[in-house]
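Worksheet for the structure shown next.
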Amino acid sequence: GAGVSQSPSNKVTEKGKDVELRCDPISGHTALYWYRQRLGQGLEFLIYFQGNSAPDKSGLPSDRFSAERTGESVSTLTIQRTQQEDSAVYLCASSAGQSLTGELFFGEGSRLTVL
Amino acid sequence: QKEVEQNSGPLSVPEGAIASLNCTYSDRGSQSFFWYRQYSGKSPELIMSIYSNGDKEDGRFTAQLNKASQYVSLLIRDSQPSDSATYLCAVKVAGFQKLVFGTGTRLLVSP
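Here is the structure:
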C-alpha cells in the first residue's frame, strides 16, 4: 500500500490477556517507530528499528511490552498480561534513510481498550 | 522537567487572525525540530521542520527557532476553521534517532 498500515484498528481485550498489534511500513522505509498516545496526551516513544541494527528499546514501559521486526518489513508489538493503563492508541511510523532529518509517516493507529 | 513542553490550550482565535503556538525543549544539543498537526481521531502529519535559528516560512505557516532560548514557535497566518486541530511540537534527541513529542496545543479557529 501507499501508506503505513496498522491492524487491528480497534482492539478490546480483558485485563490479563495478551495482544499483538501489527504495522506494515511504507515500502523502502528502513526506519520504523512505535509510539503510544493516551487519551488527550502527546506521543510517548516506545521503540525504534533501523534496518538490521539492534533496536532502541529505551521507551518500552515494562517487560510486558516487546516488539519484533524482520528486516525492513512488518513489525509486531506485543503486550503481555494487559493492564487497564495500557489502554491507548498505538501509533506506528516509518521514515526513509538512516538519519532522522525528515518526516515520520504515521499509520492510523491501533486503539487498544483493556477492560 | 519534561523534555518538550507546550501549553495544552485550547488556543482560540477568530478566522483570519494569526495563531501563535509555542514550545520549549530541555536538550541543548537538539538540532532538528518539527511541527505536526493532528486532527481529532487522526494520526499526526508533518507540517513544518526547522533546523537553523531564525524563521522558516511555508505558505501561511512560519516556524521560528531560537536555540539559545531553547524555544520553537509556529505562526499560522490568516487562520481558517480547517486549521482547528492539535499541534504537536517534536524534537530530535541529540545522538538518538527518535523524536520526543510535546503534549500538543489544541487550536480552535472560530468562523
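Line by line, the protein sequences are chains A and V. Anchor point for the first sequence: position 15 equals 15 in the working numbering, and the numbering is continuous, going up by one each time. Numbers in the working numbering are just positions in the second sequence, counted from 1, shifted up by 115. Using N, Cα and C, we set each Cβ at its ideal position, and we do this for glycine too.
Secondary structure at Pro159 of chain V: coil, using DSSP grouped into helix, strand and coil. DSSP places Pro196 of chain V within a helical segment (H, G or I) once states are collapsed to three.
The beta strand (DSSP E) runs of length 3 or more contained entirely in the region 28 to 93 of chain A are, from start to end of the chain, 31 to 37, 43 to 50, 65 to 69, 75 to 79. Gln80 of chain A sits away from Arg69 of chain A, with the two beta carbons spaced by 7 Å or more. Beyond the five residues adjoining it in sequence on each side, Pro196 of chain V comes within less than 8 Å, by CB distance, of Glu130, Val224, Ser225, Pro226 in the same chain, given in chain order.
Judged by beta-carbon spacing, Pro25 of chain A lies beyond the 7 Å limit of Ser110 of chain A, meaning their Cβ atoms are not closer than that value.
Between the alpha carbons of Ser53 of chain A and Ser73 of chain A lies a gap of roughly 14 Å. Contact between Leu189 of chain V and Met163 of chain V holds, since their C-beta atoms are separated by about 6 Å, short of 8 Å. Residue environment: Gln84 of chain A is assigned as exposed (fewer than 16 neighbouring CB atoms within 10 Å of its CB, all protein chains considered). Listed as beta-bridge partners of Asn168 of chain V by DSSP are no residues whatsoever. A distance below 7 Å separates the beta carbons of Leu222 of chain V and Ala134 of chain V. Within the same chain, Thr113, Leu115 come within 7 Å of Val12 of chain A by CB-CB distance, once the 5 residues on both sides are set aside. Under the 7 Å criterion on CB atoms, Phe148 of chain V is classed as non-interfacial with respect to chain A. By alpha-carbon distance to Tyr151 of chain V, the top candidate from V:Ala205, V:Ser167, V:Leu180, V:Gln179 is V:Ala205. Taking C-beta atoms as the reference points, Gln212 of chain V and Tyr48 of chain A count as a pair closer than 7 Å. Val119 of chain V and Val215 of chain V have their C-alpha atoms spaced approximately 7 Å apart.
Taking a C-beta cut-off of 9 Å against chain A, the contacting residues of the region 166 to 196 of chain V are Tyr166, listed in chain order. When the alpha-carbon of Glu14 of chain A is set against those of A:Ser5, A:Asp86, A:Gln6, the nearest one is in A:Asp86.
Membership of Thr113 of chain A in the beta strand (DSSP E) is indicated by the continuous run 110 to 114.
Only those residues of the region 20 to 33 of chain A whose C-beta falls short of 8 Å from the nearest C-beta of chain V are listed: Ala31, Tyr33. About 16 Å separates the beta carbon of Arg22 of chain A from that of Ala88 of chain A, a gap too long to meet the 8 Å contact definition. Its chain contains Gln6, Ser9 as the residues whose beta carbon lies nearer than 7 Å to that of Glu108 of chain A, once the 5 sequence neighbours on both sides are disregarded; these appear in chain order. Look at Thr220 of chain V here: in three-state DSSP terms it is strand.
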